[in-house]
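Right, one structure below, let's go through it.
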């Protein structure tokens, strides 16, 4: 019997924690396509970035596998986004809660992915363990996220937190299926 | 958790909206930005908080006080600025009522028939609004919202609904946004429409508009025209928008294949059964 694969996409601005998110839950070492960062500004934030995609896997059983694809955060690689969005079951938008300078970009990425496919999504407010993180209620207003959309606190380095985000996305997908 | 950032990334209007919707109580402090030499996550200059520029206080989402650095914001100054007290009156009252709180002073002035209660309330309200409208024009600088920090008890605090303040701020910003969205790329060029003579007949243009018109040529970008005329981006946008709406010039928009392709395509959602999602949920719960 052929194995069925389903795909979910983890997107968000540069350095929002997408790679770490996938790494926390993937059963295989995440296949990253990270390159040295060339821009001085970006180098001050982190030294490696995702160019094409991150790739993680969760095997359900012999005939079902979930793939997690992480998008590159920088706009100059956005030609990859639409390719990655093709056929996705849903998507997670990561936001670094400590970097308000990235909120506008996060919102823009969210809108771009919404336009790619009418699939359910959740927003993960990453780095909620840090002191300078904006709280969830403030983030919802800042990012203009509608009440019906899940905005979830997240710590991408914590497996439990990542599990919670993925489960919430799957619940949303299930609800959407039941509605239609 | 603190609400902090830079106005460059999160504008004053957005902040007021957030404070209003969240019904926050506390003081928003705005600072001069001191460049640290580092870059932030989007490549902007990272700024640390320098000298304080303004303090704006809120109670349960309502604006109650706003003071710019260097202004005392006390009752005498406010009434003086509003024309309710002359300079001489203000000077004398300041000398005689040095250690009197604003509240006590207001009672004294009302009882002495210098001012009415309405004068006091309106003057304070107007002063607060003037400060906030000024803040709405600030486009960068660090800010921090201190929860539950409020001005001292001696001050008279007049609550003002933020909705109207936000609407006015948004109106100003919307104009700029509309212009920017209409002419997003200043590297576009301008050209005259067909029959330009006919279109310009009987039209009265301002000096600035003529200056722009004199540079209209498909080879000149809007940015170059602005530079040649020493105009800001918003000034040139406003003029080009007006000229275009009047049919006097045409903006030559660059067509990108990527944009056209993107607007036409929407990726397919996969055909997945509910049982698949349920199995995924069960599996992730076990991890």
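Residue numbers (this note's numbering), protein chains in the order written: chain X, 145 to 324; chain B, 28 to 314.
All C-beta atoms in this analysis are idealised placements derived from N, C-alpha and C, irrespective of residue type, glycine included.
All of these numbers come straight from a predicted model, not from anything done at the bench.
| residue 319 (chain B) lies in the beta strand (DSSP E); which residues open and close that run? | Chain B is shown from 28 up to 314; residue 319 (chain B) falls before or after that span and cannot be answered.
| said: Restricting to Cα atoms, I'd like to know which of B:180, B:230, B:186, B:61 is closest to residue 274 (chain B). | reply: Counted from its first residue, the second chain places residue 274 (chain B) at position 247. Checking every option, the nearest Cα to that of residue 274 (chain B) belongs to B:230.
| message | Please state the DSSP three-state secondary structure of residue 62 (chain B). | response | Here residue 62 (chain B) refers to the residue found at position 35 of the second chain. Reduced to three states, the DSSP call for residue 62 (chain B) is strand.
| request: Give every residue of the same chain whose Cβ lies closer than 6 Å to the Cβ of residue 294 (chain X), excluding the five residues on either side of it in the sequence, and list them in chain order. | output: Start at 1 with the first residue of the first chain, and residue 294 (chain X) comes out as number 150. Answer for residue 294 (chain X): 266, 312, listed in chain order.
| said: Please classify residue 234 (chain B) as buried or exposed, where buried requires at least 16 neighbouring CB atoms within 10 angstroms. | reply: Counting from 1 along the second chain, the entry for residue 234 (chain B) is found at position 207. Residue 234 (chain B) is exposed by the Cβ-count criterion.
| task | Kindly provide the ranges of any alpha helix (DSSP H) runs that are 4 or more residues long and lie completely inside the segment 239 to 266 of chain X, ordered along the chain. | result | 247 to 260
| message | Please confirm whether residue 206 (chain X) has its beta-carbon closer than 8 Å to some beta-carbon of chain B. | response | Along the first chain, read from residue 1 onward, the residue named residue 206 (chain X) stands at position 62. For residue 206 (chain X), the answer is no, since every Cβ of chain B falls outside 8 Å of its Cβ.
| said: On a Cα-Cα basis, can you pick out the residue from B:36, B:183, B:272, B:83 that is closest to residue 105 (chain B)? | reply: Looking up residue 105 (chain B) in the second chain gives position 78. It is B:183.
| request: Following the continuous beta strand (DSSP E) through residue 300 (chain B), name the residue where it begins and the one where it ends. | output: Translated into positions along the second chain, residue 300 (chain B) becomes position 273. Neither: residue 300 (chain B) is in no beta strand (DSSP E) and is coded neither H nor E.
| request: Give the residues of chain B in contact with residue 247 (chain X), contact being defined as C-beta atoms less than 9 Å apart. | output: Position 103 of the first chain holds residue 247 (chain X). Correct list: 32, 36, 37.
| query | Can a CB atom of chain X be found closer than 8 Å to the CB of residue 48 (chain B)? | reply | As a position in the second chain, residue 48 (chain B) is number 21, starting the count at 1. By this cut-off, residue 48 (chain B) is an interface position.
| task | Taking residue 168 (chain B) as the reference, give the member of B:310, B:38, B:307 with the closest Cα. | result | The sequence position of residue 168 (chain B) within the second chain is 141, counting from 1. Selected option, being the one with the closest Cα: B:38.
| said: Short of 7 Å in beta carbon distance, which residues of its chain neighbour residue 268 (chain B), apart from the five on each side in sequence? Order them along the chain. | reply: Here the question's residue 268 (chain B) lines up with position 241 in the second chain. Correct list, in chain order: 206, 209, 210.
| Can you tell me whether residue 300 (chain B) is buried or exposed, with buried defined as 16 or more other CB within 10 angstroms of its CB? | Taking the first residue of the second chain as position 1, residue 300 (chain B) is located at position 273. Residue 300 (chain B) should be labelled exposed.
| Apart from the five residues just before and just after residue 91 (chain B), which ones in its own chain have a Cβ nearer than 6 Å to its Cβ? | Taking the second chain and counting its residues from 1, one reaches residue 91 (chain B) at position 64. Closer than 6 Å at Cβ, skipping near neighbours: 84, 184, 186.
| query | For residue 227 (chain B), does the three-state DSSP call read helix, strand or coil? | reply | Counted from its first residue, the second chain places residue 227 (chain B) at position 200. In this structure, residue 227 (chain B) counts as helix in the three-state DSSP scheme.
| said: I'd like to know whether the C-beta of residue 272 (chain B) is nearer than 8 Å to at least one C-beta of chain X. | reply: In the second chain, residue 272 (chain B) corresponds to position 245, counting from 1. Not an interface residue.
| message | With a threshold of 8 Å between beta-carbons, can residue 224 (chain X) be considered close to chain B, or not? | response | By one-based count along the first chain, residue 224 (chain X) stands at place 80. So no, residue 224 (chain X) is outside the interface.
| field | Residues within the segment 39 to 69 of chain B neighbouring chain X, beta-carbon criterion of under 8 Å | value | 41, 44, 45, 48, 49, 65, 66, 67, 68, 69
| request: For the segment 153 to 167 of chain X and the segment 235 to 254 of chain X, state whether three or more C-beta atom pairs, one from each stretch, are separated by less than 8 Å. | output: yes
| Is the Cβ of residue 190 (chain B) closer than 8 Å to any Cβ of chain X? | On the second chain, position 163 is the one that residue 190 (chain B) refers to. With 8 Å as the cut-off, residue 190 (chain B) does not count as an interface residue toward chain X.
| request: Show which residues of chain X have a CB atom less than 7 Å away from the CB atom of residue 301 (chain B). | output: As a first step, residue 301 (chain B) is located in the second chain; it is residue number 274 there, counting from the start. Near residue 301 (chain B) (Cβ distances below 7 Å), the residues of chain X are 318, 321.
| message | My output table needs one value for residue 98 (chain B): the three-state DSSP class, helix, strand or coil. | response | Counted from its first residue, the second chain places residue 98 (chain B) at position 71. Coil, per DSSP.
| Which one or two residues does DSSP pair with residue 89 (chain B) in a beta bridge? | As a position in the second chain, residue 89 (chain B) is number 62, starting the count at 1. DSSP lists B:86 as partners of residue 89 (chain B).
| query | Any C-beta of chain X sitting closer than 8 Å to the C-beta of residue 203 (chain B)? | reply | By one-based count along the second chain, residue 203 (chain B) stands at place 176. Taking Cβ atoms only, chain X never reaches closer than 8 Å to residue 203 (chain B), which makes this a no.
| field | Beta carbon proximity, residue 273 (chain X) to chain B, threshold 8 Å | value | Here residue 273 (chain X) refers to the residue found at position 129 of the first chain. With 8 Å as the cut-off, residue 273 (chain X) does not count as an interface residue toward chain B.
| field | Residue from B:119, B:152, B:87 whose Cα sits closest to the Cα of residue 315 (chain B) | value | There is simply no residue 315 (chain B) to check, as chain B begins at 28 and stops at 314 in what is shown.
| message | Counting only C-beta atoms, is residue 150 (chain X) closer than 8 Å to chain B at any point? | response | As a first step, residue 150 (chain X) must be located in the first chain, where it is residue number 6. Judged by the 8 Å Cβ criterion, residue 150 (chain X) is in contact with chain B.
| query | By Cβ distance below 7 Å, which residues in the same chain neighbour residue 168 (chain X) in space, the five residues on each side in sequence not counted? | reply | For the purposes of this step, residue 168 (chain X) is taken as residue 24 along the first chain, with counting starting at 1. Taken in chain order, the residues that qualify are 300, 301, 302, 303, 306.
| query | Taking the C-alpha atoms as reference points, what is the distance between residue 308 (chain B) and residue 227 (chain X)? | reply | In the second chain, counting from the first residue as 1, residue 308 (chain B) sits at position 281. In the first chain, counting from the first residue as 1, residue 227 (chain X) sits at position 83. For residue 308 (chain B) and residue 227 (chain X), the distance between alpha carbons rounds to 26 Å.
| What does residue 171 (chain B) touch in chain X if you count any residue whose Cβ is under 9 Å from its own? | As a first step, residue 171 (chain B) must be located in the second chain, where it is residue number 144. The contacting residues do not exist; residue 171 (chain B) stays about 10 Å from chain X at best.
| Cross-chain neighbours of residue 282 (chain X) in chain B, by beta carbon under 7 Å | Within the first chain, residue 282 (chain X) is the residue found at index 138, counting from 1. Under the 7 Å cutoff, chain B gives 30, 45, 49.
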